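Trainee: Okay, handing you the structure first.
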Amino acid sequence: MSSTSANIPAWQQKIRAKVAALSAPTLGTMSMSSLKATESAQLAAPMSRENLWGQENGTDQLLSILVACVENIRTAAGTCINSIQDLKNTKPDPAVWKATINIAHQTAKKSFDKWLDSATDDAIEVINRLPEAQQDGAADFFIDGMDIIANTVDQVSSDLGAISTRYLSDFLKGDWSGLTKVDNNLKAACDGAIHGVNSIKR
39 MSSTSANIPA
49 WQQKIRAKVA
59 ALSAPTLGTM
69 SMSSLKATES
79 AQLAAPMSRE
89 NLWGQENGTD
99 QLLSILVACV
109 ENIRTAAGTC
119 INSIQDLKNT
129 KPDPAVWKAT
139 INIAHQTAKK
149 SFDKWLDSAT
159 DDAIEVINRL
169 PEAQQDGAAD
179 FFIDGMDIIA
189 NTVDQVSSDL
199 GAISTRYLSD
209 FLKGDWSGLT
219 KVDNNLKAAC
229 DGAIHGVNSI
239 KR
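Per my numbering, the sequence shown starts with residue 39, numbered consecutively.
Next comes the structure, spelled out in structure tokens:
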């Protein structure tokens with residue numbers, strides 16, 4: 039272990055390692071799964087906190103960070119959908135439209151990583167201010183929430199990444215119902231993530 043890592047609390051190393059494992063290249067590489075299966079996994083994640091932290095344990099702040107992360111991911115996904123939707127106002131061109139869709143997806147993926155990292159930095163700042171005896175439990179709480187969010191990001195990124203192969207031919211024919219379906223699924227996935235993080239036992 040390096041001298042630098044030796045000075046970093048174990049709970050912080052645990053969070054950093056977990057988030058690093060969740061970030062690209064794994065994001066967006068999962069196979070398409072049903073929304074119900076994803077939501078079931080999210081709701082199964084909460085676990086009991088037997089190591090009580092005390093009354094002022096930072097959970098409200100950590101929960102706010104997790105929810106804000108989901109909302110930022112929702113916004114990034116919505117921006118991607120809107121960019122694709124704007125193609126309606128342009129001349130149909132398979133090559134141009136495919137490139138635009140793929141660029142919108144890659145931009146969204148970068149935003150997802152950005153918000154995961156930002157949430158992690160904010161959470162570490164909150165946990166650093168807690169009494170030492172409460173920090174490990176707080177880290178576990180945050181990690182449980184990030185597991186839920188990562189499942190959602192995987193689904194969202196996968197759905198966005200599949201748009202060009204699944205629906206481009208329909209778009210060129212003027213049928214945009216597939217994009218509406220994806221948009222609705224993404225919104226439902228984010229709603230499920232917020233429900234999931236709010237269900238984590240404190």
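Yeah, the Cβ is synthetic: ideal placement off N, Cα and C, and Gly gets one too. In this text the structure is predicted, and so the values were computed from the model without any measurement.
Please identify the residue among Lys239, Lys56, Gly230 whose C-alpha is closest to the C-alpha of Ile111.
Mentor: For Ile111, the nearest C-alpha among the options comes from Gly230.
Trainee: List, from N- to C-terminal side, the alpha helix (DSSP H) runs of 4 residues or more that fit wholly inside the region 108 to 177.
Mentor: Counting only runs of 4 or more, we get 132 to 166.
Trainee: Buried or exposed: which applies to Gly212, given that a residue is buried once 16 or more other Cβ atoms fall within 10 Å of its Cβ?
Mentor: With fewer than 16 other Cβ atoms within 10 Å, it is exposed.
Trainee: Taking DSSP as the reference, what is the three-state secondary structure of Lys56?
Mentor: Three-state result, Lys56: helix.
Trainee: Please report the straight-line C-alpha distance between Leu100 and Lys239, rounded to a whole angstrom.
Mentor: Cα-Cα distance, rounded: 13 angstroms.
Trainee: Cutting at 7 angstroms between CB atoms, please list the residues of its own chain near Asn45, excluding the five before and the five after it.
Mentor: Contacts found: none.
Trainee: Identify which residue in Met184, Thr158, Ser195, Ala227 has its Cα closest to the Cα of Leu148.
Mentor: Before going further, note that residue 148 is Lys rather than Leu in the sequence given. Nearest C-alpha to Lys148: Ser195.
Trainee: How long is the line joining the alpha carbons of Leu217 and Ser207, rounded to whole angstroms?
Mentor: Roughly 12 angstroms separates the two Cα atoms.
Trainee: Do Leu104 and Val235 have their beta-carbon atoms positioned less than 8 angstroms apart in this structure?
Mentor: Yes, the Cβ-Cβ distance between Val235 and Leu104 is below 8 angstroms.
Trainee: For the alpha helix (DSSP H) containing Ala226, list its first residue and its last residue.
Mentor: Taken as a continuous stretch (DSSP letters only), the alpha helix (DSSP H) holding Ala226 covers 215 to 236.
Trainee: Beta-carbon separation of Gly96 and Leu168 under 8 angstroms?
Mentor: Yes, Cβ-Cβ distance for Gly96 and Leu168 is below 8 angstroms.
Trainee: Determine the direct distance from the alpha carbon of His143 to that of Asp178, and round the result to whole angstroms.
Mentor: Between Asp178 and His143, the C-alpha separation is close to 31 angstroms.
Trainee: Please state whether the Cβ-Cβ distance between Ala227 and Gln193 is less than 8 angstroms.
Mentor: A contact, by the Cβ cut-off of 8 angstroms.
Trainee: Mapping the DSSP letters down to three states, classify Ile46 as helix, strand or coil.
Mentor: Coil, per DSSP.
Trainee: In the DSSP assignment, the alpha helix (DSSP H) including Arg240 goes from what residue to what residue?
Mentor: Taken as a continuous stretch (DSSP letters only), Arg240 belongs to no alpha helix (DSSP H), as it is neither H nor E.
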